[in-house]
Amino acid sequence: MPLSEHEQRLFEQIERSLAEDPKFASAVRATDPRFHAKRRMIAAGILLLAGMALLVYGVAISIPLLGVGGFLVMLCALAFGVQAYRRGQTTDLHAVGGTASRRTRQRRGGLVDRLEDRWRRRPEGDL
1 MPLSEHEQRL FEQIERSLAE DPKFASAVRA TDPRFHAKRR MIAAGILLLA
51 GMALLVYGVA ISIPLLGVGG FLVMLCALAF GVQAYRRGQT TDLHAVGGTA
101 SRRTRQRRGG LVDRLEDRWR RRPEGDL
């Protein structure tokens, strides 16, 4: 249902007042999973470059153990970056204070999901 003109004006006024509050903006940014995921992805990129440099350096000076170590650093950085990217894409709902959160799931329609739904919808007195 669309908002009425009056509700839209009130909503825009609330948005402007919240945008002007730097303390609120920093609190929301600090609890935003996308903000943390972006930082982790940047760190993973730096680790990936460091691992690549270590790999090339190990090959250049003929120390295979150093090259293998560089490859392992690259592999771990890549796994860390993928994990951070996936966490940044989830639809987590966080309270501003960070005290309450709820994770929503996408429906796949599998057997386990249907059984879980039935378990949640059961009458409480049946135990």
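Just so we're aligned: 125 in full-length UniProt numbering is position 125 of the sequence shown, and the numbers increase by one with no gaps anywhere. By construction, the Cβ of each residue, glycine as well, lies at the ideal position given by its N, Cα and C atoms.
Residues near residue i by beta carbon distance below 7 Å, same chain, minus five either side
i     : result
Gly67 : Leu55, Gly58, Val59
Met74 : Leu48, Gly51, Met52, Leu55
Ala84 : Ala37, Arg40, Met41, Ala44
Leu18 : Phe24
Spatial distance of residue i from residue j (CA atoms)
i      : j      : result
Glu116 : Pro123 : 14 Å
Ile42  : Gln89  : 16 Å
Ala113 : Arg39  : The residue asked about is misnamed: residue 113 is Asp in this sequence, not Ala. Each residue's alpha carbon lies about 33 Å from the other.
Ile63  : Leu72  : 15 Å
Phe11  : Arg87  : 30 Å
Glu15  : Leu65  : 56 Å
Arg9   : Pro2   : 13 Å
Pro33  : Arg120 : 28 Å
Ala77  : Gly70  : 10 Å
Exercise. Where in the stretch 29-88 do unbroken runs of the alpha helix (DSSP H), each at least 4 residues long, occur, reported from the N-terminal end onward?
Worked result: You should have 33-60.
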